[in-house]
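2 protein chains.
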Amino acid sequence: MDGPAQQDVPALMAEIGAAAREAAAELAYASAEAKRDALLAAADAVHDRRGQILEANAEDMAAAEGKGLTKAMLDRLALDPDRLAGIAEGLRSIAEQPDPVGRTLETWERPNGLKFRKVSTPLGVIGVIYESRPNVTADAGGLCLKSGNAVILRGGSESFHSSGALHAALVDGLRAASLPAAAIQRVPTTDRAAVGAMLAMPEHIDVLVPRGGKSLVGRVQAEARVPVFAHLEGICHVYVDAAADAGKARRVVLNAKTCRTGICGAAECLLIHEDVADTLGRDLVTDLLEAGVELRGDAAAQALDPRVTAATAEDWGREFLDMILAVRVVPSIDEAVAHVRRHGSGHTEAILTEDDAAAERFFARLDSAILLRNASTQFADGGEFGFGAEIGIATGKMHARGPVGAQHLTSFKYLVEGDGTIRP
Amino acid sequence: MDGPAQQDVPALMAEIGAAAREAAAELAYASAEAKRDALLAAADAVHDRRGQILEANAEDMAAAEGKGLTKAMLDRLALDPDRLAGIAEGLRSIAEQPDPVGRTLETWERPNGLKFRKVSTPLGVIGVIYESRPNVTADAGGLCLKSGNAVILRGGSESFHSSGALHAALVDGLRAASLPAAAIQRVPTTDRAAVGAMLAMPEHIDVLVPRGGKSLVGRVQAEARVPVFAHLEGICHVYVDAAADAGKARRVVLNAKTCRTGICGAAECLLIHEDVADTLGRDLVTDLLEAGVELRGDAAAQALDPRVTAATAEDWGREFLDMILAVRVVPSIDEAVAHVRRHGSGHTEAILTEDDAAAERFFARLDSAILLRNASTQFADGGEFGFGAEIGIATGKMHARGPVGAQHLTSFKYLVEGDGTIRP
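Shown next as structure tokens:
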């Protein structure tokens, strides 16, 4: 445990919360230039402080190795000059995006002469609770600043020193642009009571963004007293329709599963129309097995290749995050849709088809945040969507959905101009 | 207590909830024509069933008079042929609005050829909890149907029979268009346990809309496990700037307070810039007093007319909903903004000024859902905004804000088309 010992965590969090609320009020009307300048200055500060940041990261890595973290976890935690340059580049790319606040979203006029404008505004204070990846400090801090929101960052204990050093660079940026330092705050303790406090301070935090494993996200979703932008799981399905183009299907299915198996956009279940099971289906199964993917199928899928093992009931709707894929042969597109409704997580699904009517049916009858046609589920990512960066991916239907970029961390207000106009 | 006696309310609500969820899945891809047809047929059914509806209303009125309800409450409850024609007309006007579902909200393309469409979708199941006004049954039912959402209506016990008869007309409309009857359900009991059940069924209800007094809305906001679209109070401020046009100010201030004192958009506090207190301020005070408004002011406001009584601390930030207004003289626009931030409810505020910079400052530094310039706060209404009707007015910053019409009862999904596109 680092940070001040014996701390009164609830008091500390209340203080941080009040400072965030005050900073948010000021940030809400900060100029686009000031926010841009702060982000560019923060990127410079990441470069200037690189020695210090790498040193802090070495300290975290040494502690993590001592704790016996897995290789994948250590890799997520590690920083090097290249990754640091990437973090600075990320801040610059957020800086150069159009300002998401004060955008006119709609205008109209009424017969009585009233002129209406719907204009974007920040949400207020955003709480981000994440695990070991230190780059989230910079991404989340940068996106919240860009969108005029104050942010309270609570990173995992593994990346405590790295996040602290990156946070210092963000504060340098705020100071350089004369913006309140409390606009981006970091919880300066690894005491877990801080997480509990963040879940129960609706007077100071307007939205929570949890990033990490299912147990963290599940806890935040269950206990938070404010809206949560998150996904619990990414159980992505790929449906290969009877009218699929074989070349596209083979390319996309392999990519959707294997490009990166550990991300939420990785495919976890393949549904194959029975009309093409024996032909294209067999090729898909062979491709996947040869790429080293373990396949768990229903009887019809097992019939395609003896190496396909029997899927258990738990394999449907399961997020493997690994080189494992569930495979089922379905009699119709409607059965594929029903399967996704039953087992999906509302994250991302893809259809492979050359039939416009089939694609339209799939798009209309499913309601996942992201639906793709003839493209890999691995595109479920704010950067790939062109949002510059993402603070997370949301599967709820309220407010923000899919990859959440700076533009989605806003609300709106109505500005109405009259000329002494009264209601009859 | 009406409805089946000795009912197992939790079981009843679970059944209603499951039927709503199922209907919502079907309604989500119902055609615009079917929804329009259902609304027009429901309007016809309100006309055809008018005898029955008025009879049911007479039963409610007799019971209400027996309970000693106030005249205002009886007036809200009463139906007559004119009001019924208005309800039918309201349904027709919702029918004729553009369909809010399936609208393309944004399109863009990425360098890799992926084509993105952001398309509006329904939210799912909406729970509406309201008090005595039977017309909410038709307005809320109609708006939810238009936006492709299933709805569970829970009206007050006073309007139980009236709401039941109006609900039957809505179901006639659904049947005429072959849409699921469970798309618009009404809780068939006045047992208060039904409200508690609606607050605790996030698996069946996605959003709650409470309409009624502060205690109802407060309870729903405190206990609901899903997002709530509502306002607890409408504490609307009118600020008369140093650069106000006297004629516009006198017209708007009087209207903002007195047009209808019982609605959430009625002004509750007048702030006058000290530079114009002795001139325009005195005229405003005289106008209001002569119109029968009781004024409660600070010392400077009291100095304008001896009939202004001393405001207590509780009079700032108080929703009078009556012919009473708090009045304060402020030294600057910034002090007016600070007063609103301290005492406002985030609903609606107006500035009277001919100074563009002052209006801009007021618009930028306040974050109420609706901000008006030179126009009455009484325009805070979905009909006046041109939304056809409103299910309520929301003061939260998440998802829906201000008057909530059919278009605001939607979420979105991303539809992405590729050509066998894979992620590198």
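As they're listed, the protein sequences go chains A and B. All the letters of the first sequence, read from the start, carry residue numbers 0 to 423 under numbering that gives the first Met the number 0. All the letters of the second sequence, read from the start, carry residue numbers 0 to 423 under numbering that gives the first Met the number 0. We put the beta carbon where it would ideally sit given N, CA and C, even for glycine.
Span of the beta strand (DSSP E) holding residue i?
i         : result
B/Cys-143 : Where B/Cys-143 is concerned, there is no enclosing beta strand (DSSP E), although the alpha helix (DSSP H) it sits in stretches over 134-145.
B/Pro-209 : 206-210
A/Thr-103 : 103-108
A/Ser-177 : Taken as a continuous stretch (DSSP letters only), A/Ser-177 belongs to no beta strand (DSSP E), as it is neither H nor E.
B/Phe-362 : Here B/Phe-362 belongs to no beta strand (DSSP E); instead the alpha helix (DSSP H) covers 355-364.
A/Glu-64  : First-last for A/Glu-64: 49-66, but that is the alpha helix (DSSP H), not the beta strand (DSSP E).
B/Asp-418 : 409-420
Closer than 8 Å by beta-carbon distance: list the chain B residues that pair up with residue i, in chain order.
i         : result
A/Asn-254 : Ile-421, Arg-422
A/Lys-247 : Asp-418, Gly-419
A/Val-415 : Ile-369, Leu-370, Leu-371, Arg-372, Ala-374, Phe-378
A/Asp-244 : Gly-419
Identify the contact partners of residue i in chain B, using a Cβ-Cβ distance below 7 Å as the criterion.
i         : result
A/Thr-120 : Asp-366
A/Gly-401 : Tyr-413
Can you tell me the Cβ-Cβ gap for residue i and residue j, rounded? I've got them flagged as a contact below 8 Å.
i         : j         : result
B/Lys-412 : A/Ala-368 : 6 Å
A/Ala-242 : A/Asp-354 : 4 Å
A/Arg-249 : A/Leu-283 : 6 Å
A/Gly-123 : B/Lys-145 : Rounded, the Cβ-Cβ distance is 31 Å, inconsistent with contact.
B/Ala-229 : B/Leu-198 : Contact flag wrong, Cβ pair sits at about 13 Å.
B/Val-326 : B/Leu-269 : 5 Å
A/Gly-126 : A/Leu-207 : 5 Å
B/Thr-394 : B/Gly-345 : 4 Å
B/Ala-181 : B/Ala-299 : B/Ala-181 to B/Ala-299, Cβ: 59 Å. No contact.
A/Leu-279 : A/Val-336 : Wrong, their Cβ atoms sit about 20 Å apart, outside the cutoff.
A/Cys-258 : B/Arg-422 : 5 Å
A/Gly-343 : A/Ile-204 : At roughly 30 Å, the Cβ-Cβ gap does not stay under 8 Å, so A/Gly-343 and A/Ile-204 are not in contact.
Who are the neighbours of residue i on chain A, taking C-beta pairs under 7 Å?
i         : result
B/Lys-396 : Leu-122, Gly-123, Asp-205, Ser-410
B/Glu-95  : The premise fails here: B/Glu-95 is roughly 17 Å from chain A at the closest Cβ pair, so nothing lies under 7 Å.
B/Gly-385 : Trp-107, Arg-109
Taking DSSP's pairing of strands, which residues face residue i in a bridge?
i         : result
A/Leu-152 : A/Val-127, A/Arg-185
A/Ile-271 : A/Val-239, A/Val-328
A/Arg-372 : A/Ile-350, B/Glu-416
B/Leu-294 : B/Leu-324
A/Val-403 : A/Gly-391
A/Thr-308 : A/Arg-295
A/Val-45  : Answer is none; A/Val-45 lacks a bridge partner.
B/Ala-266 : B/Cys-235
B/Val-227 : B/Leu-207
Along chain B, in chain order, which residues have C-beta atoms closer than 9 Å to that of residue i?
i         : result
A/Ala-388 : The premise fails here: A/Ala-388 is roughly 15 Å from chain B at the closest Cβ pair, so nothing lies under 9 Å.
A/Cys-258 : Ile-421, Arg-422, Pro-423
A/Ala-363 : Ala-27, Tyr-28, Gly-101
I'd like the span of the alpha helix (DSSP H) that includes residue i, first residue to last.
i         : result
A/Pro-80  : 80-94
A/Leu-215 : 213-222
B/Phe-384 : 381-384
A/Pro-121 : Run containing A/Pro-121: none in the alpha helix (DSSP H); it sits in the beta strand (DSSP E), 114-121.
B/Ala-255 : 245-257
A/Lys-70  : 70-76
A/Leu-26  : 8-26
A/Gly-195 : 192-198
A/Glu-289 : 281-289
Which chain A residues are close to residue i, counting only those with a beta carbon under 8 Å from its beta carbon?
i         : result
B/Arg-250 : Gly-419, Ile-421
Note down, in chain order, every chain E residue with its Cβ under 9 Å from the Cβ of residue i.
i         : result
A/Phe-115 : Here chain E cannot be found, since the structure's protein chains are A and B.
Near-chain A residues of the stretch 6-35 of chain B - C-beta to any C-beta below 9 Å: Flagged, chain order: Ala-24, Ala-27, Tyr-28.
Cβ-based contacts, 8 Å cut-off: residues of the stretch 216-237 of chain A near chain B: Taking a C-beta cut-off of 8 Å against chain B, the contacting residues of the stretch 216-237 of chain A are Pro-226, listed in chain order.
Near-chain A residues of the stretch 99-113 of chain B (beta-carbon distance less than 7 Å), N- to C-terminal order: The residues in question are Trp-107, Arg-109, Leu-113.
Selection of the stretch 146-170 of chain A by Cβ proximity to chain B, strictly under 8 Å: Those would be none; no residue qualifies.
Contact set between the stretch 264-292 of chain B and chain A, restricted to residues whose Cβ is under 9 Å from the partner: For the stretch 264-292 of chain B, the residues whose beta carbon sits under 9 Å from a beta carbon of chain A are, in order, Gly-264.
Proximal residues, the stretch 125-139 of chain B versus chain A, C-beta separation under 7 Å: Within the stretch 125-139 of chain B, no residue has its Cβ closer than 7 Å to any Cβ of chain A.
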